[in-house]
Amino acid sequence: MISFVIRRLIGALLVLIAVSFITYLIFVKIPGGDPAFRIAGRTATAQNIEDIRQKLKLDAPFYEQYWAMMKSLFSGSLVSYSSQLNVVDQIKAGIPATFSLCIGAAIIWLFFGILVGIISAVTAGRWSDRVITVMALIGISLPVFWLGLMARYLFAQGHPFAFMPDGGYVPFTSNPWGWFTHLLMPWWVLAILFIGFYGRVLRSNILDTINEDYVRTAKAKGLPYKRVMVKHVLRNSLIPIVTLFGLDFAAVIGGSAILTETVFDLKGVGWYAAQAVQDLDLPPIMGVTIYATFFIVLFSVVVDLMYAWLDPRIRPT
Amino acid sequence: MAERLIEVKGLKVQFATEDGIVRAVDGVDFELSRGQVLGIVGESGSGKSVTAMTLLGLTRDRNTRFEGEVLYKGRNVLGMNEGELQEVRGNEMSMIFQDPMTSLNPVYSVGAQICEAIQIHERADKSTARRRAVDLLKQVGIPNADSRVDNYPHEFSGGMRQRAMIAMALACNPDVLIADEPTTALDVTIQAQIIELIDRLKDEFNSAVILITHDLGVVAEIADEIIVMYAGRVVERAQTRDLFYDPQMPYTWGLLGSIPRLDRPKQERLHSIKGTPPSLIRSPTGCKFRPRCPHAFDKCMEEPPLENRVETPGHLDRCWLSVAEKRQLRERTLSGEEAA
Amino acid sequence: MGSFGMNQSNGGDPLLDVRNVKTYFPIRKGLLQREVAQVHAVDDVTLSVQEGETLGLVGESGCGKSTLGRTIVRLLEPTEGNVIFEGRDISKLGTRALRPLRRQMQMVFQDPYASLNPRKRVGSIIGTPLKIHGVDKSEQRQRVQELLETVGLSPEHYNRFPHEFSGGQRQRIGVARALALHPKLIVADEPVSALDVSIQSQMLNLLDDLQKELSLTYIFIAHDLGVVRHVSNRIAVMYLGKLVELSPAEELYQRPIMPYTEALLSAVPIPDPDLSHERERIVLQGDVPSPINPPSGCRFHPRCRYMTDICREVEPPLTSYGNGHLAACHHPLNVDKETLARATVSERYTPAEADEGAKPKTPAKGEAHPIPESG
Numbered sequence: 015m016i017s018f019v020i021r022r023l024i025g026a027l028l029v030l031i032a033v034s035f036i037t038y039l040i041f042v043k044i045p046g047g048d049p050a051f052r053i054a055g056r057t058a059t060a061q062n063i064e065d066i067r068q069k070l071k072l073d074a075p076f077y078e079q080y081w082a083m084m085k086s087l088f089s090g091s092l093v094s095y096s097s098q099l100n101v102v103d104q105i106k107a108g109i110p111a112t113f114s115l116c117i118g119a120a121i122i123w124l125f126f127g128i129l130v131g132i133i134s135a136v137t138a139g140r141w142s143d144r145v146i147t148v149m150a151l152i153g154i155s156l157p158v159f160w161l162g163l164m165a166r167y168l169f170a171q172g173h174p175f176a177f178m179p180d181g182g183y184v185p186f187t188s189n190p191w192g193w194f195t196h197l198l199m200p201w202w203v204l205a206i207l208f209i210g211f212y213g214r215v216l217r218s219n220i221l222d223t224i225n226e227d228y229v230r231t232a233k234a235k236g237l238p239y240k241r242v243m244v245k246h247v248l249r250n251s252l253i254p255i256v257t258l259f260g261l262d263f264a265a266v267i268g269g270s271a272i273l274t275e276t277v278f279d280l281k282g283v284g285w286y287a288a289q290a291v292q293d294l295d296l297p298p299i300m301g302v303t304i305y306a307t308f309f310i311v312l313f314s315v316v317v318d319l320m321y322a323w324l325d326p327r328i329r330p331t
Numbered sequence: 094m095a096e097r098l099i100e101v102k103g104l105k106v107q108f109a110t111e112d113g114i115v116r117a118v119d120g121v122d123f124e125l126s127r128g129q130v131l132g133i134v135g136e137s138g139s140g141k142s143v144t145a146m147t148l149l150g151l152t153r154d155r156n157t158r159f160e161g162e163v164l165y166k167g168r169n170v171l172g173m174n175e176g177e178l179q180e181v182r183g184n185e186m187s188m189i190f191q192d193p194m195t196s197l198n199p200v201y202s203v204g205a206q207i208c209e210a211i212q213i214h215e216r217a218d219k220s221t222a223r224r225r226a227v228d229l230l231k232q233v234g235i236p237n238a239d240s241r242v243d244n245y246p247h248e249f250s251g252g253m254r255q256r257a258m259i260a261m262a263l264a265c266n267p268d269v270l271i272a273d274e275p276t277t278a279l280d281v282t283i284q285a286q287i288i289e290l291i292d293r294l295k296d297e298f299n300s301a302v303i304l305i306t307h308d309l310g311v312v313a314e315i316a317d318e319i320i321v322m323y324a325g326r327v328v329e330r331a332q333t334r335d336l337f338y339d340p341q342m343p344y345t346w347g348l349l350g351s352i353p354r355l356d357r358p359k360q361e362r363l364h365s366i367k368g369t370p371p372s373l374i375r376s377p378t379g380c381k382f383r384p385r386c387p388h389a390f391d392k393c394m395e396e397p398p399l400e401n402r403v404e405t406p407g408h409l410d411r412c413w414l415s416v417a418e419k420r421q422l423r424e425r426t427l428s429g430e431e432a433a
Numbered sequence: 029m030g031s032f033g034m035n036q037s038n039g040g041d042p043l044l045d046v047r048n049v050k051t052y053f054p055i056r057k058g059l060l061q062r063e064v065a066q067v068h069a070v071d072d073v074t075l076s077v078q079e080g081e082t083l084g085l086v087g088e089s090g091c092g093k094s095t096l097g098r099t100i101v102r103l104l105e106p107t108e109g110n111v112i113f114e115g116r117d118i119s120k121l122g123t124r125a126l127r128p129l130r131r132q133m134q135m136v137f138q139d140p141y142a143s144l145n146p147r148k149r150v151g152s153i154i155g156t157p158l159k160i161h162g163v164d165k166s167e168q169r170q171r172v173q174e175l176l177e178t179v180g181l182s183p184e185h186y187n188r189f190p191h192e193f194s195g196g197q198r199q200r201i202g203v204a205r206a207l208a209l210h211p212k213l214i215v216a217d218e219p220v221s222a223l224d225v226s227i228q229s230q231m232l233n234l235l236d237d238l239q240k241e242l243s244l245t246y247i248f249i250a251h252d253l254g255v256v257r258h259v260s261n262r263i264a265v266m267y268l269g270k271l272v273e274l275s276p277a278e279e280l281y282q283r284p285i286m287p288y289t290e291a292l293l294s295a296v297p298i299p300d301p302d303l304s305h306e307r308e309r310i311v312l313q314g315d316v317p318s319p320i321n322p323p324s325g326c327r328f329h330p331r332c333r334y335m336t337d338i339c340r341e342v343e344p345p346l347t348s349y350g351n352g353h354l355a356a357c358h359h360p361l362n363v364d365k366e367t368l369a370r371a372t373v374s375e376r377y378t379p380a381e382a383d384e385g386a387k388p389k390t391p392a393k394g395e396a397h398p399i400p401e402s403g
């Protein structure tokens, strides 16, 4: 088991290196990516640009530049090209908002996703299942930016059914109630897509599992319906959901809640990444990439461990 | 006279599907007494498994219709509510299935799955249930049962899993054990072990057994009475020796002739029943076996009733041929000479 | 005889020669995934197959019979030893060099439900090997329809999907696919084990007819000696990766030499209530041991009722008892004194480690053992 974890962690490190290197390479190669041009601004002379090049050591071979950037990133001294602000500090500043958004949304989507999946599987073929199926498909198809804006338009202060504060982030430590009310809309907006998706996946898992021979065995043993459903059907159907959840959660924590954060003006890591991409600002992009990769790699290791715990067949011996 | 445990009267089971009504079981009658082994034999789709599952109420569904009666100690299983059924399942009647690889839940230990039934039916506490599970595993011949009780199904071989299934089925000392093709997925050597085990445990637990199989060779040794099913109907029913030594139904001859015989000189060609079992949605008119029967004649357009036609009482069949004709015709099929 | 094809074991080069083949699977563990042990799936097997004959390959699950079958058609590469097909060593050929050989050797699998792609039509399942080997489109269709007829299906089944067929019909589709490229050798891995007896006999008769019509050579893998007897000219019995007995089919049933064969024979159910009560059934205890750490000496000794000390210590060599009957046992059954005196450890079949001391001795208990009831 321990060697399995160590092997996974070594693999994770290699992934981290590869991802950061590829990101760097893509950035350097895209047109308009030359940082000297961007820093110097529109009215720059050739001399200005040359000076900046010298300063940032942009003439060095690119693997040296990569190495220098990684060193400064991990020592915490990397600064943005455009704003000159420290990248690590900026990411740190975004973390409370991102974590608040993602953890809250994840709880909602996991709970309701499972609920929706169970209800529609148990009532498969009846009207409740059909209604849920249509709702889930709508949920999956709604773009987050549209849904977010509609939510704000309808429910936020100054609007028809106003009972919510509109956008922004209130730190939990300064005002827990404000933190909660400000996040309620973003949580749901982020969760809705996942609820629909998880509900569909779980529904089909449950319907497959119900036809398994071991479920028939459990019934033949005389177990009550509820126990058969929970201990034999649901327990086995949830195993794939764990994988899905681990990776989805890692992705949103890692900054892929960009749209939700932007729509609700939550200054989290995703928002920061969006700014950096707009400015083609390499240091923050590298920083956020490493940060996101870290979470994805971490959670994929966690998922593997969870999987082994849930399914004895794949436990390494 | 031993205690009568099961009485099935005019059982019909129909499934509504998109293609039409599937008459999976179409008029089945039999009785089972304590200590008896009843063999139900037929091809896939003959309704033998559906009959067995119906005894435990496992075929209940919105799209299923039942007719007739399944009496367990005089109580009609078909009329029971879910709670009453759960009391019967695993406790008074239990079942083992064909594929031991998929019939155990892979995420729970074998012991936990045996304990489950004991805890539910006997309200036993965990440690008592576990002790019983270990004893049961010992009884079905699992070596080192004390430690193997905590193994997961994938750590067991196929034969051991089927033993564990039997242990689970016997956990609450049921009156009736229904074994649905218990050896089909196993090696011959393990098949022999499992059949011997069922035979021995039947006496130890003083229960009755229904053994379902497509292979008459499997039931020859342990069954007392045999029912042959075809297209949802019983086509022949007799005491085991009568069925093997005086089979009346051409379908039974075909089943017997299809088995490569180790006890006889090698045949040039195996007898085989031509064609495939009929559709249960639009089954043939008259005798259901007519389209595949080499001896069919005009009268077979009308379905023969299941009745006693030979000297031996209780030996029933569904064939219009006279007893003398049958005895003459069947020899060639049984010896495998006639390849139909 | 009713066996498939003729017995041509005297004379001519064999179609297939399997020489000291070993197929091991590594077990890896730990941080560096070092190989810590090996599964000895096939452990030094030597046999040959004549053109036109059917060799039955019998044993319990885990005895290596399927692995040997797959090694022969080179779905697996042997760890050691040679597979010689039509005089050519194919044991080390690469994918590209194997391609023309794939036409000659085909396999039929056990599970008719799992071995056909559920999303493809029958025409395309059977036609794929033709397409791969460059048969043009119109010819493909015609050939597939011919093949469907050959295996007893209708040409109209061309556009159907596998789920529309019963188990027996699917197995026919599997056979048609195997036949598509006019192979010489067909390795059938438990082709009838998943079928009802009534359908089983149809399948066996079909294989028999096809062999006669198309002069095929079969290796027929099964765990049921009843079925194998019906189809085979010769039978090889395997136990834990080793070949333990090789004999002409009828002879094996008349006088099995290896106690394991005796037990396998006695496990086959007999559809005759009186006979099955009368006969003495040898029920083998327990399962096949692990092929990772096979037992010492004779691998069958922990389950053998004739076991003595020598069986624990010395591995018995394959010994020829005349008439093409070979067996590896210290206490051979059904062998009279004269035959025993003539018995020779066949040079060709001697395992490397066998020495003089390993030569068979007279059985410990009495001269000869009774022929089992089933004989």
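Chains as they are written, first to last, in my numbering: chain A, 15 to 331; chain B, 94 to 433; chain C, 29 to 403.
Using N, Cα and C, we set each Cβ at its ideal position, and we do this for glycine too.
Cα-Cα separation, residue i to residue j
| i | j | result |
| --- | --- | --- |
| G162 of chain A | D180 of chain A | 11 Å |
| A382 of chain C | P344 of chain C | With a pLDDT of 38 at A382 of chain C, under the threshold of 50, the modelled position of this residue cannot be trusted, and the question is left open. |
| I122 of chain A | F208 of chain A | 9 Å |
| W141 of chain A | P326 of chain A | 37 Å |
Residue-level contact to chain A via CB, residue i, 7 Å cutoff
| i | result |
| --- | --- |
| L197 of chain B | yes |
| V285 of chain B | For the record, residue 285 of chain B in the displayed sequence is Ala; it is not Val. Closer than 7 Å: no. |
| N237 of chain B | no |
| H247 of chain B | yes |
Buried versus exposed, by CB contacts within 10 Å (16 or more), residue i
| i | result |
| --- | --- |
| D273 of chain B | buried |
| P400 of chain C | Per-residue confidence for P400 of chain C stands at a pLDDT of 41, beneath the threshold of 50, marking its modelled position as unreliable; no derived number is given. |
| F35 of chain A | exposed |
| L44 of chain C | buried |
| M253 of chain B | buried |
| I263 of chain C | buried |
| E96 of chain B | exposed |
| P297 of chain A | buried |
7 Å Cβ cutoff, residue i in contact with chain B
| i | result |
| --- | --- |
| Q168 of chain C | no |
| T231 of chain A | yes |
| S94 of chain C | no |
| D262 of chain A | no |
Closer than 7 Å to chain C by CB, residue i
| i | result |
| --- | --- |
| H408 of chain B | no |
| H307 of chain B | yes |
| E136 of chain B | yes |
| R326 of chain B | no |
| V281 of chain B | yes |
Can you list, in chain order, the residues of the segment 145-175 of chain B whose Cβ is nearer than 7 Å to any Cβ on chain A? Against chain A - using a Cβ distance shorter than 7 Å - the residues of the segment 145-175 of chain B are L149, L151 and E175.
Inspect the CB distances between the segment 318-331 of chain B and the segment 116-125 of chain B and report whether three or more fall short of 8 Å. In this structure the segment 318-331 of chain B touches the segment 116-125 of chain B; the number of beta carbon pairs closer than 8 Å is three or more.
Could you check whether the segment 274-282 of chain A touches the segment 195-207 of chain A, counting it as contact only if at least three pairs of C-beta atoms, one from each stretch, sit closer than 8 Å? The segment 274-282 of chain A makes contact with the segment 195-207 of chain A: 3 or more CB pairs, one atom from each, lie closer than 8 Å.
Chain B contacts from the segment 212-237 of chain C (Cβ-Cβ distance under 8 Å): Flagged, chain order: D224, V225, S226, I227, Q228, S229, Q230, L232, N233 and D236.
Residues in the segment 234-256 of chain A with C-beta within 9 Å of chain B's C-beta atoms, listed in sequence order? Going along the segment 234-256 of chain A in chain order, one finds A234, K235, G236, L237, P238, Y239, R241, K245, H246, R249, N250 and I253 with a Cβ nearer than 9 Å to chain B.
Can we say the segment 187-198 of chain C touches the segment 136-154 of chain C, given the rule of at least three CB pairs closer than 8 Å? Yes, since at least three Cβ pairs between the segment 187-198 of chain C and the segment 136-154 of chain C fall closer than 8 Å, the two stretches touch.
Determine, using beta-carbon pairs with one atom in the segment 350-364 of chain B and one in the segment 131-151 of chain B, whether at least three such pairs fall under 8 Å. Fewer than three beta-carbon pairs drawn from the segment 350-364 of chain B and the segment 131-151 of chain B are found closer than 8 Å, and the two stretches are therefore not classed as touching.
Three or more C-beta pairs under 8 Å: does that hold for the segment 284-292 of chain A against the segment 130-150 of chain A? No, the segment 284-292 of chain A is not in contact with the segment 130-150 of chain A.
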